[in-house]
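Colleague:
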Amino acid sequence: MTNLSRRDFLKLVRDGFLVLSGALALGGVLRFLDFQPNPAQKTQFDLGSATNYPIGSRTALSEIPALLIHAESGFSALSLVCTHLGCNLGEDESGFACPCHSSHFDAEGKVTHGPAAKPLSPLRIEISEDNRVILHTS
Amino acid sequence: MYFFILHLSSFILFPMPPSFFHHLHPPTIPTAQARWRHTLAAGGTAIFLMLILGVTGILEMFYYAPNPAEAALSVQTITYHVPFGGFIRNLHYWAAQALIVVSAVHFLRVIFTAAYGHPRRFNYLLGLALFVVSIMLDFTGYILRWDVDICWPLTTGTNLLKTIPVIGDFLYRIAVGGNEVCETALLRFYTWHIFGLTILVVILGVWHAFRVRRDGGIAVPPPQLRADVTRIPRDELVRREVLTMFIVSIGLILLSIFVPAPIAAAMSVSIRESVTESVDVRAPWFFLWVQQMLKWGDPFIFGVLIPSIILALLALIPYIFPQPNEAEIGSWFPKSNRLAQIIVAIIGTIIIILTFINR
Amino acid sequence: MRRLLPLFSFLFFLTLLLVWWVDSRQPKPVELIPTLTGQPEYCITCHADLPEISASHPVETFGCVSCHGGERLALDADLAHSTMRGGANPSDLSVAEISCGGSNCHSGSEADDRDHIQRVMTSVQATYAGAIASIRYTFGAQTDLAAHFGIAAVSDDESQTGIKSLDAFNPAIDSNPMLQKFGENCLVCHLHAKPQEGEAFARQTGCAACHSTGEHTMSTAIPYTQCNACHNRGNYDLRTMTFVERTDQPTSRLADYYQPISQFTKCEYTLDCVDCHTRDETMGDGDIHANQASIQYVQCKTCHGTLTELPLTKTLTDPNDIVFRMAFLNPIMDLKLGDTIIVTEQGEPLWNARQLPDGTFEMVGKATKQYFTFRPVMGTACEQNPDQQESNYCHECHAVEK
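Those protein sequences? They're chains B, W and Z, same order as listed.
Per this note's numbering, residue 67 is the first one in the first sequence, and the count goes up by one each step.
Per this note's numbering, residue 179 is the first one in the second sequence, and the count goes up by one each step.
Per this note's numbering, residue -17 is the first one in the third sequence, and the count goes up by one each step.
1) If contact means a Cβ-Cβ distance below 9 Å, which residues of the region 170 to 188 of chain B contact chain A?
2) For residue 261 of chain W, return the contacting residues in chain B, with the cut-off set at a CB-CB distance below 8 Å.
3) In the DSSP assignment, the beta strand (DSSP E) including residue 381 of chain Z goes from what residue to what residue?
4) Can you check which of these residues, B:119, B:78, B:127, is closest to residue 189 of chain B by C-alpha distance?
5) Within 8 Å (strictly less), CB to CB, does residue -12 of chain Z reach chain B?
6) Is the separation between the beta-carbon of residue 379 of chain W and that of residue 312 of chain W shorter than 8 Å?
7) Let me know if residue 112 of chain B comes out buried or exposed under the rule of 16 or more other beta-carbons within 10 Å of its beta-carbon.
8) Short of 8 Å in beta carbon distance, which residues of its chain neighbour residue 381 of chain Z, apart from the five on each side in sequence? Order them along the chain.
9) Assign residue 105 of chain Z to buried or exposed, taking buried as 16 or more other Cβ atoms, counted over all protein chains shown, within 10 Å of its Cβ.
10) Residue 368 of chain W and residue 244 of chain W look like a contact to me (Cβ under 8 Å); what is the Cβ gap, rounded to whole Å?
11) Hey, how far is the Cα of residue 369 of chain Z from the Cα of residue 224 of chain Z?
12) Please report the straight-line C-alpha distance between residue 270 of chain W and residue 411 of chain W, rounded to a whole angstrom.
13) Can you tell me which residues form a DSSP beta bridge with residue 226 of chain Z?
14) Whose Cβ in chain Z lies nearer than 7 Å to the Cβ of residue 71 of chain B?
15) The region 394 to 419 of chain W: which residues have C-beta closer than 8 Å to a C-beta of chain Z, in chain order?
16) In this structure, how does DSSP classify residue 167 of chain Z when only helix, strand and coil are distinguished?
17) Under the rule that 16 or more other beta-carbon atoms within 10 Å means buried, what is residue 162 of chain B, buried or exposed?
18) What does a CB cutoff of less than 6 Å around residue 495 of chain W pick up in its chain, not counting 5 residues either side in sequence?
19) Using the beta-carbon count (16 or more within 10 Å), is residue -2 of chain Z buried or exposed?
20) Here's the rule: buried if 16 or more other CB atoms are within 10 angstroms of the residue's CB, otherwise exposed. What is residue 186 of chain Z?
21) Over the uninterrupted beta strand (DSSP E) stretch that includes residue 296 of chain Z, give me the two end residues.
22) Within 8 Å (strictly less), CB to CB, does residue 199 of chain B reach chain Z?
23) Using the rule of at least 16 other Cβ atoms within 10 Å of the residue's Cβ for burial, across every protein chain shown, is residue 85 of chain Z buried or exposed?
24) Quick check on residue 231 of chain Z: buried or exposed, where buried means 16 or more other Cβ atoms within 10 Å of its Cβ?
25) At a CB-CB cut-off below 7 Å, which residues of chain B make contact with residue 285 of chain W?
26) So, under 8 Å CB-CB, residue 145 of chain Z and residue 270 of chain Z are touching, yes? Tell me the CB distance rounded to an integer number of Å.
27) Whole alpha helix (DSSP H) runs in the region 75 to 115 of chain B with 4 or more residues, listed along the chain?
28) Listed in chain order, which residues of the region 76 to 91 of chain Z have Cβ atoms closer than 9 Å to some Cβ of chain W?
29) Would you kindly report the start and end of the unbroken beta strand (DSSP E) that includes residue 322 of chain Z?
30) Give the residues of chain Z in contact with residue 431 of chain W, contact being defined as C-beta atoms less than 9 Å apart.
31) Please classify residue 286 of chain Z: is it buried, with 16 or more other beta-carbons within 10 angstroms of its beta-carbon, or exposed?
32) Start and end of the beta strand (DSSP E) containing residue 343 of chain Z?
33) Quick check on the DSSP output: the alpha helix (DSSP H) that includes residue 336 of chain W runs from which residue to which?
34) Note down, in chain order, each residue of its chain lying with its Cβ closer than 6 Å to the Cβ of residue 276 of chain W, except the 5 sequence neighbours on either side.
35) At a Cβ threshold of 8 Å, is residue 7 of chain Z touching chain B?
36) With three or more beta-carbon pairs closer than 8 Å as the criterion, would you say the region 386 to 406 of chain W touches the region 205 to 212 of chain W?
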């Protein structure tokens, strides 16, 4: 091994471990930043007894936000979050309007005009053994 | 990561046009200026510790909540729940404590090698100011824990300001932001810690480093009086600095893995309700000597006046004491500044004794 | 120097690897967000194996911190435990008001008269007022038998007994050495005092003294052994003012009762104390009483009546009657509206004693779940003098040989 290549080898070792150390430190910092300090968001809502929602009723639940529909065929629910960029929708005569970028959805959740492209997402409804309506947002 | 960037800057940025880095690293410097046994690597280490403190401090800010209800809980979140959070907090803590020790060592080196004489008198003052601001940073950072153990040091420390005649109440309002140490104090201390004092340290630190070179580098005798006329190239200086950084980093990391930073139960909203018998009433270690003196009597005399007199005395050393003999500059314990050495040794010994009495 | 840098570069890398390794070995925190507080707590990271405290306090609802205190986020045992209320026992009387109280919990609201904490604090079980008064009277420190002192100071402006407050008894104010010895040795059993060191004095404090019937368990089904922890572990010697621990090893429940002069009928050692003794008697009625005799009133006749009177009963007509709540907490009997249960002369329900259609009674042991039937005295061959109806007269005939 010549003197020069020995020097180069030591340099390579030095810089190699520095790069590896940098990667470890960077990975650590990214993991550090990835933590979510707040408790996970609630994804399950107990809406009370099913008898509170007669057949044919449409109930807007602004705190979720969601629309609970009780039709002949049973319970269903629509998310009232705009599929464009996530603003909460407001109810109007013909359906739901987004205050942020003027997307509009009809009463069934279909887009009547953009910029939103996707219809409102349906949410899962579960009727518990004691006849309570449980809504799942995920 | 800081290390990585620093390393890149020192090796890759070389071809770039002259910068502040080149100001601090001229093509060659006298070998004597870069000897471990001469500098103890204290000044450079202090700057490196400040960089660590900056990076770890910024990381902590991502989770720290500066309001009385959440502060201690967010510290617990960082310590126990954020991945590597406890380690980063420990690193911040130990770097801060090391900074005080290293700054003190740096100061003693400057005194005991007679390095403060003209033209370095002003830079000596800058260094002293940096030391004081660093201690204030350490104290404010300690208060940010906002747990039950900080109650009394916060109360007594800020009440000391009130004892100062004429401007005491004004200083208290500036520091605490209200008449009672409560909600406002935390936000004040937070802002002082991460912004007010930090910006001061950056300005003073850059100025101090700039003046080191402007004043002719680390203090050594003028060329005609030097025993050793050899010089080392910039590469060699950087290599020594990098080696120091490696050693300091490894030491700090090991310390941070095995010795956790202090933490205590969260304070309830009212500071007075939080104080129970189990609470630690001792000042942070760097103020133990002041706390010991406060047991003796008047808080203004022992808590404000005497520390201020000591600081003033130290600040005046380059101005009122005999100038060191030029040939002796940079050698340990020269005869020509015996008086300054003796005074600093006495003050230092008293402070250390007071600290240990109050353990 | 040229070789040092690669070496330290490698060591630096190793220490960073160590940081990752240490991190990977941390136990994974287990989060619990109780619905009552909505604030995450991590106690069950270590305490997953504790039994549920009671069916009324499910951990998913209450979590740990609302009762125990402590640092809910800390994963370091010392820090997490540093602010726990009452150490391991949040129901200690010094902290029970914070841990167990509150108008939604055991302090109750003014209207429903359920401040259990206040009534325990002022009960003779906590104050020891009667004994303090009579001992001080005996040794000449006070001229009457009136209660002036409790173990801790208590007050109740609305006390129906006429005693509005008691001062804390400080034996140091009395010069008599016997009274000082009394202060040292004889207060420690009572709820407001710290238990003394030693096995004979081992008891839990506060609510748990009676209600904690097992490890991390709270119950209203309180077996006699729970009461025995204080009431049956030895005897006091008034001549030396000391407590004499029992030394025997009881083999039967009858023998387990340790008052040498006492007499018992069969039901008294077959049932549990709480089958007869009511809430007011054991926990106090909210008023400050001068002594035990002023609060303890249940006698044999409470259930059995006398030759001339049947026991008092009450037919349940109100679905919100407190007895349904008591039966819910300790479901040993399927109480229904329309059932007739025994009540005491002060109107407290003995809800586990129900009248049968034929006029006899059935009873289920609160702790043992044993089923009994019994009949009233009226119409039997009992020859007892009608104005001698206290239990000690019953014992004359019905006590069992020990």
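We put the beta carbon where it would ideally sit given N, CA and C, even for glycine.
Modeller: The answer reads as follows:
1) Included in the structure are the protein chains B, W and Z, with no chain A among them.
2) Taking the first residue of the second sequence as 1, we reach residue 261 of chain W at position 83. For a Cβ distance threshold of 8 Å, residue set 94, 97, 98, 100, 101 of chain B lies close to residue 261 of chain W, ordered along the chain.
3) As a working mapping, residue 381 of chain Z is identified with position 399 in the third sequence. Taken as a continuous stretch (DSSP letters only), residue 381 of chain Z belongs to no beta strand (DSSP E), as it is neither H nor E.
4) Mapped onto the first sequence, residue 189 of chain B falls at position 123. Closest by alpha carbon: B:127.
5) The sequence position of residue -12 of chain Z within the third sequence is 6, counting from 1. Taking Cβ atoms only, chain B reaches closer than 8 Å to residue -12 of chain Z, which makes this a yes.
6) Along the second sequence, read from residue 1 onward, the residue named residue 379 of chain W stands at position 201. Along the second sequence, read from residue 1 onward, the residue named residue 312 of chain W stands at position 134. Taking 8 Å as the Cβ cut-off, residue 379 of chain W and residue 312 of chain W qualify as a contacting pair.
7) As a working mapping, residue 112 of chain B is identified with position 46 in the first sequence. Burial call: exposed.
8) The residue given as residue 381 of chain Z occupies position 399 in the third sequence. Once the five neighbours on either side are set aside, the close Cβ partners of residue 381 of chain Z are 245, 246, 247.
9) For the purposes of this step, residue 105 of chain Z is identified with residue 123 of the third sequence, where counting begins at 1. Per the 10 Å Cβ criterion, buried.
10) Start at 1 with the first residue of the second sequence, and residue 368 of chain W comes out as number 190. Start at 1 with the first residue of the second sequence, and residue 244 of chain W comes out as number 66. Residue 368 of chain W to residue 244 of chain W, Cβ: 4 Å. Contact.
11) One-based indexing of the third sequence puts residue 369 of chain Z at position 387. One-based indexing of the third sequence puts residue 224 of chain Z at position 242. The alpha-carbon atoms of residue 369 of chain Z and residue 224 of chain Z are separated by roughly 38 Å.
12) Translated into positions along the second sequence, residue 270 of chain W becomes position 92. Translated into positions along the second sequence, residue 411 of chain W becomes position 233. About 33 Å.
13) Indexing the third sequence from 1 puts residue 226 of chain Z at position 244. The partner list for residue 226 of chain Z (beta bridge, DSSP) reads Z:217.
14) As a position in the first sequence, residue 71 of chain B is number 5, starting the count at 1. Contact of residue 71 of chain B with chain Z by beta-carbon distance below 7 Å is absent, the smallest such distance being about 14 Å.
15) Taking 8 Å as the Cβ-Cβ cut-off against chain Z, the residues of the region 394 to 419 of chain W that qualify are 414, 417, 418.
16) For the purposes of this step, residue 167 of chain Z is taken as residue 185 along the third sequence, with counting starting at 1. Three-state result, residue 167 of chain Z: helix.
17) Counting from one through the first sequence, the residue named residue 162 of chain B turns up at place 96. Buried.
18) Counting from 1 along the second sequence, the entry for residue 495 of chain W is found at position 317. Only 518 meet the Cβ criterion.
19) If you number the third sequence from 1, residue -2 of chain Z lands on position 16. Residue -2 of chain Z comes out buried.
20) The residue labelled residue 186 of chain Z in the question sits at position 204 within the third sequence. When all chains shown are included, residue 186 of chain Z counts as buried.
21) Position 314 of the third sequence, counted from the first residue, corresponds to residue 296 of chain Z. Under the DSSP assignment, residue 296 of chain Z falls in the beta strand (DSSP E) whose first and last residues are 295 to 297.
22) As a first step, residue 199 of chain B must be located in the first sequence, where it is residue number 133. With 8 Å as the cut-off, residue 199 of chain B does not count as an interface residue toward chain Z.
23) Here residue 85 of chain Z corresponds to residue number 103 of the third sequence, with the count starting at 1. Its Cβ having fewer than 16 others within 10 Å, residue 85 of chain Z is exposed.
24) Taking the third sequence and counting its residues from 1, the one referred to as residue 231 of chain Z is at position 249. Its Cβ having fewer than 16 others within 10 Å, residue 231 of chain Z is exposed.
25) For this step, residue 285 of chain W is matched to residue 107 along the second sequence. Annotation: residue 285 of chain W has no Cβ neighbours in chain B at a cutoff of 7 Å; minimum Cβ distance is about 31 Å.
26) Counted from its first residue, the third sequence places residue 145 of chain Z at position 163. Counted from its first residue, the third sequence places residue 270 of chain Z at position 288. Residue 145 of chain Z to residue 270 of chain Z, Cβ: 4 Å. Contact.
27) List check, alpha helix (DSSP H) in window: nothing returned.
28) Per Cβ criterion, the list is empty.
29) Your numbering for residue 322 of chain Z matches position 340 in the third sequence. Going by DSSP, residue 322 of chain Z is part of the beta strand (DSSP E) stretching over 322 to 325.
30) As a working note, residue 431 of chain W is residue 253 in the second sequence. Ordered by position in chain Z, the residues that pass the 9 Å Cβ test against residue 431 of chain W are -6, -3, -2, 0, 1.
31) One-based indexing of the third sequence puts residue 286 of chain Z at position 304. Buried: at least 16 other Cβ atoms inside 10 Å.
32) What you label residue 343 of chain Z is simply residue 361 of the third sequence in a count that begins at 1. Segment 343 to 346, the beta strand (DSSP E) holding residue 343 of chain Z.
33) Taking the second sequence and counting its residues from 1, one reaches residue 336 of chain W at position 158. Counting along the chain, the alpha helix (DSSP H) containing residue 336 of chain W begins and ends at 329 to 340.
34) For the purposes of this step, residue 276 of chain W is identified with residue 98 of the second sequence, where counting begins at 1. For residue 276 of chain W, the CB contacts under 6 Å within the same chain, skipping 5 residues up- and downstream, are 227 in chain order.
35) If you number the third sequence from 1, residue 7 of chain Z lands on position 25. Answer no: the Cβ-Cβ gap between residue 7 of chain Z and chain B never drops below 8 Å.
36) A contact exists between the region 386 to 406 of chain W and the region 205 to 212 of chain W.
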